[in-house]
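One structure is given here, and the rest of the page talks about it.
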Amino acid sequence: MNAPRIHILLSFLMVFCPATGNLWVQPSALGAQELPPMTEEAGPDTGMDTQLRINKTTLLEGKNYRNQIDAAGLLLASDNPAAREIVLDVLRRTDIPQARAAVCDALNSARVAQKPLKNKGSFVKPLIAILTSVEDPLIAQPAAEATLIFGYDQVKQDLENAVMDPSLPLNVRMNIIYAIKRHPDEQAVEKLVSLLENSDPQIVDAARTALSSIGISVSPDPAVRQQMVAEIRARGVQAFLRERVIWQETRLRELQTDLSAWQKRCLTAMGDQYDSLADEAAKTSFLGRQLLSPEIAVRSWALDKLQELRKGTGKLKLADLEQTLLNLIADPSKQVRLGTAKLLALVSELNVAQPLLKQLKAETDDQVRREILVALREACYVGSLATAGRKVPDDIRKETLEWAVRFLSEPGVEKVRTGAETLGKLLEQDGLKPEEVDRYLRALLDRYALAGAGADPAMRGYLLSAMAGLCSARSTCREQAVKLYGASFEQALTDKADVVRQNAIDGFVNIYKSSALRKLRENMANDTSVAIRQKLVDLAGEIGGPPDLNWLAEKLGVAGESEQAWQAMLKILQRSELAALADWRPKLDALAATGKVSLEQRIAFFTLVEQEAKSENKADVLKDARVRLAQLYVESKNLKQASEYWKTLLDVVAPGEERQQIQGQLLRTYLGSGSVDQAVELISKGLSAKDLDVRPTGSVAKIVEEYLNSPTTTDPNVFLASLQPIKVSDPGTLQDWRALLSGWSRFARAKKSEDAGRMDN
Numbered sequence: 005m006n007a008p009r010i011h012i013l014l015s016f017l018m019v020f021c022p023a024t025g026n027l028w029v030q031p032s033a034l035g036a037q038e039l040p041p042m043t044e045e046a047g048p049d050t051g052m053d054t055q056l057r058i059n060k061t062t063l064l065e066g067k068n069y070r071n072q073i074d075a076a077g078l079l080l081a082s083d084n085p086a087a088r089e090i091v092l093d094v095l096r097r098t099d100i101p102q103a104r105a106a107v108c109d110a111l112n113s114a115r116v117a118q119k120p121l122k123n124k125g126s127f128v129k130p131l132i133a134i135l136t137s138v139e140d141p142l143i144a145q146p147a148a149e150a151t152l153i154f155g156y157d158q159v160k161q162d163l164e165n166a167v168m169d170p171s172l173p174l175n176v177r178m179n180i181i182y183a184i185k186r187h188p189d190e191q192a193v194e195k196l197v198s199l200l201e202n203s204d205p206q207i208v209d210a211a212r213t214a215l216s217s218i219g220i221s222v223s224p225d226p227a228v229r230q231q232m233v234a235e236i237r238a239r240g241v242q243a244f245l246r247e248r249v250i251w252q253e254t255r256l257r258e259l260q261t262d263l264s265a266w267q268k269r270c271l272t273a274m275g276d277q278y279d280s281l282a283d284e285a286a287k288t289s290f291l292g293r294q295l296l297s298p299e300i301a302v303r304s305w306a307l308d309k310l311q312e313l314r315k316g317t318g319k320l321k322l323a324d325l326e327q328t329l330l331n332l333i334a335d336p337s338k339q340v341r342l343g344t345a346k347l348l349a350l351v352s353e354l355n356v357a358q359p360l361l362k363q364l365k366a367e368t369d370d371q372v373r374r375e376i377l378v379a380l381r382e383a384c385y386v387g388s389l390a391t392a393g394r395k396v397p398d399d400i401r402k403e404t405l406e407w408a409v410r411f412l413s414e415p416g417v418e419k420v421r422t423g424a425e426t427l428g429k430l431l432e433q434d435g436l437k438p439e440e441v442d443r444y445l446r447a448l449l450d451r452y453a454l455a456g457a458g459a460d461p462a463m464r465g466y467l468l469s470a471m472a473g474l475c476s477a478r479s480t481c482r483e484q485a486v487k488l489y490g491a492s493f494e495q496a497l498t499d500k501a502d503v504v505r506q507n508a509i510d511g512f513v514n515i516y517k518s519s520a521l522r523k524l525r526e527n528m529a530n531d532t533s534v535a536i537r538q539k540l541v542d543l544a545g546e547i548g549g550p551p552d553l554n555w556l557a558e559k560l561g562v563a564g565e566s567e568q569a570w571q572a573m574l575k576i577l578q579r580s581e582l583a584a585l586a587d588w589r590p591k592l593d594a595l596a597a598t599g600k601v602s603l604e605q606r607i608a609f610f611t612l613v614e615q616e617a618k619s620e621n622k623a624d625v626l627k628d629a630r631v632r633l634a635q636l637y638v639e640s641k642n643l644k645q646a647s648e649y650w651k652t653l654l655d656v657v658a659p660g661e662e663r664q665q666i667q668g669q670l671l672r673t674y675l676g677s678g679s680v681d682q683a684v685e686l687i688s689k690g691l692s693a694k695d696l697d698v699r700p701t702g703s704v705a706k707i708v709e710e711y712l713n714s715p716t717t718t719d720p721n722v723f724l725a726s727l728q729p730i731k732v733s734d735p736g737t738l739q740d741w742r743a744l745l746s747g748w749s750r751f752a753r754a755k756k757s758e759d760a761g762r763m764d765n
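Position in the sequence shown counted from 1, then plus 4, gives you the working numbering.
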């Protein structure tokens, strides 16, 4: 036999043990040497007498079956001979069936986890004794699984003698058939095939079912069955094991597909029921019941829905579910623990700090540990606020900070990020001694220094981000942080990594503010990073002054940067005096001529000028701004807004040529927007005041003729008819007015005839 190939195949089987729970094969079953253990032997126990007593009591009297299995596992791993005697005694006793099953499950768990078992031969007789005496499959089947710690050769004689013993109860023999089936050995298959010749039809049916469950179809013809057994022998051990693994994998995929389909149907039905509920309280109550489900998928689904509710409204009350959520923090499922931690990070008003800290100490999964620390951080932060209804004890806050420092020192970017963000958030609040604060601040600085320029840029960015936050105005330890971190920020401004420079800017600005902008715009206004350029633009909008307008204007018209630069300019201009606005009027016109400033942006600028001129009582500048705004609104087709500005100007302009020009613009705006009544009213008032230009070659005549000749004018006679009732008292004005009306009427008739002729043709 080729030993290396057998070992490869065995390793392949081991890979699938956790997934199937029953594919472990002992090397001795194949006549090969036993493989070296995958884990080290357990070290010497300390405080053994006390621990033994606790484990024994838990195993014998525990109310939680999982705890009983764990206690059995600890006893099995112990080097103390007394621990082994306790386990063997439990297996022999018939008055504690649940404890016996727990030991069997612990043996099976050790097999699946590839944990070494000393003197495991001592378990053969107790396990066989259970199988040959217990009818209850809830006890017998764990014992059957436990026999897989041995090769089939080691249990073959006992099992095969028992299954053939007609004096044993039928249920016992059925359990033994189950045990034989579980052994991946061709001899076990051969025995099951032989049972098809048994005189007891129930044994025959059980054997046939067992063979079918491991993917072996049997013929009713004994000769064919014997030929099948011969072929299995001829193909050899490797082929037998390979075929069994392939069948197991196929069956596993089928079961997983079926399970996934049923889970999807179930969750869809639950989702429909959830969506049909009328209010948030009913939905929360429904989800609370699902959190108690024994199914992992259902508990996880409920947690996801609660997260959606909380994120959607921000006001979700979970006080009634507090105890349920506390229990789920330590749920056996990683998926559920992870979902619970993420939810609790959103509802930090619950009293969860102590349970979160307890689970953080016990948690072994890195991803869950990170999320628990995030939730604990939020609970501590909210609990340290002056407005907090429930205070988090100082010792929990300090212990959380210690965990954050521990995360900083562990490998992995996400761990460092979580530790840095936790320190950054919790150190913002008061309540620590200066020397304590200094130690935590230095932990961040030391970790940043340790990372060095060659470390992951994201990690250095996260560290700098936390350091920058501690230098902000909201930080109670700002003064200490500034002294420690200033040099690091300035040095990092020249770093090659964008994310490092970006966070260094935040810290640099938090320390130096306005003077920082002056230095940054000189060196980084045209940085290669778009994000950094945008950050500087935003900073200029926040604290910049007129000197920043020039470099911001250079970004106008640049794709992806123009609008942000313009918004920053507007903020600066809003803080500026009228003189600065006046300086920028010709510059803006020049930019508009090259297409770098849009119509809307020009309107926004002259609106600022209008507001500032009104504030400073500069009448000439105010009038000019309103003229420009009226013209720009006409250009933008917002004729209603344009007419409002023309009306405002008309109210303050003295009679004369300028007034007549504004009247003409307002009339054109009214007619362009279809406001015939307002146009008629404007003409009527102008005729009464004798300040309307009614010359045949004047502006009014020209504007009305444009309107009458416009293809958009549906019926000019409606407008002309509205003009007829206007009364004019001044004889000279009346004569000119009648001449205009007569000319417009002839113009309208001629246009109508022309249009009719075109239609006939």
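Glycine included, each C-beta is placed from N, C-alpha and C at the ideal position.
- For the pair of segments examined, the region 150 to 158 was found not to touch the region 208 to 226: the number of CB pairs separated by less than 8 Å stays below three.
- Gly-561 and Leu-633 have their alpha carbons spaced roughly 22 Å apart.
- Just measuring C-alpha positions, the residue of Gln-206, Ile-220, Ile-707, Lys-365 sitting nearest Val-197 is Ile-220.
- With a cut-off of 8 Å on Cβ pairs, the region 169 to 188 is not in contact with the region 117 to 130, counting fewer than three such pairs.
- Counting along the chain, Ile-236 sits inside the alpha helix (DSSP H) bounded by residues 226 to 280.
- The C-beta of Asn-68 has fewer than 16 other C-beta atoms within 10 Å across all chains shown, which makes the residue exposed.
- Within the region 481 to 514, the complete alpha helix (DSSP H) segments at least 4 residues long are 482 to 496, listed from N- to C-terminus.
- About 4 Å separates the beta carbon of Thr-62 from that of Ala-75, a gap short enough to meet the 8 Å contact definition.
- At a Cβ-Cβ threshold of 7 Å, Leu-121 and Val-107 do not count as neighbours.
- In the DSSP assignment, Asp-109 falls within the alpha helix (DSSP H) that extends over 101 to 116.
- Here Gly-77 carries a helix assignment [DSSP, helix/strand/coil].
- Runs of the alpha helix (DSSP H) lying entirely within the region 176 to 232 and spanning at least 4 residues, in chain order: 190 to 198, 205 to 217.
- Listed in chain order, the non-local C-beta contacts of Lys-575 below 6 Å within the same chain comprise Gly-545, local neighbours out to five positions each way being set aside.
- Given a length threshold of 4 residues, each whole run of the alpha helix (DSSP H) inside the region 647 to 726 is given here in chain order: 661 to 676, 680 to 693, 703 to 713.
- Counting of Cβ neighbours within 10 angstroms places Pro-415 among the exposed residues, the total staying below 16.
- C-alpha of Glu-382 to C-alpha of Gln-260: approximately 38 Å in a straight line.
- The beta carbons of Val-704 and Leu-712 sit about 12 Å from each other, so the pair does not count as a contact at 8 Å.
- DSSP places Thr-598 outside any alpha helix (DSSP H), giving it a letter other than H or E.
- The beta carbons of Ala-453 and Leu-427 sit no closer together than 7 Å.
- Looking only at Asp-542, Ser-602, Gly-599, Ala-594, the smallest Cα-Cα distance to Met-573 is reached by Asp-542.
- Residue environment for Glu-375: buried (at least 16 other C-beta atoms within 10 angstroms of its C-beta).
- Around the CB of Thr-422, 16 or more other CB atoms lie within 10 Å, so the residue is classed as buried.
- Annotation: the continuous alpha helix (DSSP H) that includes Arg-451 extends over 438 to 455.
- The three-state reading of DSSP puts Leu-322 in coil, since its state is none of H, G, I, E or B.
- Residue state for Pro-550 is assigned as coil, using DSSP reduced to three classes.
- Annotation: the continuous alpha helix (DSSP H) that includes Gln-571 extends over 566 to 578.
- Taking 8 Å as the upper bound for CB-CB distance, Ala-147 and Leu-131 are in contact here, some 5 Å apart.
- Close CB contacts of Leu-582 within its chain, under the 7 Å cut and outside five residues either way in sequence, are with Glu-616, Ala-617, Glu-620, Lys-622, Val-625 (chain order).
- In terms of Cβ geometry, Asp-734 and Lys-689 do not form a close pair [threshold 7 Å].
- Secondary structure at Leu-121: coil, using DSSP grouped into helix, strand and coil.
- For Ser-469, the enclosing alpha helix (DSSP H) covers residues 461 to 474.
- Restricting attention to Pro-720, Val-732, Lys-731, Leu-163, the CA atom closest to the CA of Phe-751 is found in Pro-720.
- In this structure Val-351 is in contact with Arg-314, their Cβ atoms being roughly 6 Å apart against a cut-off of 8 Å.
- For Thr-344, the enclosing alpha helix (DSSP H) starts and ends at 338 to 348.
- By the criterion of a C-beta distance shorter than 8 Å, Gly-549 is surrounded in its chain by Ile-576, Arg-579, Ser-580, once the five residues flanking it on both sides are discounted.
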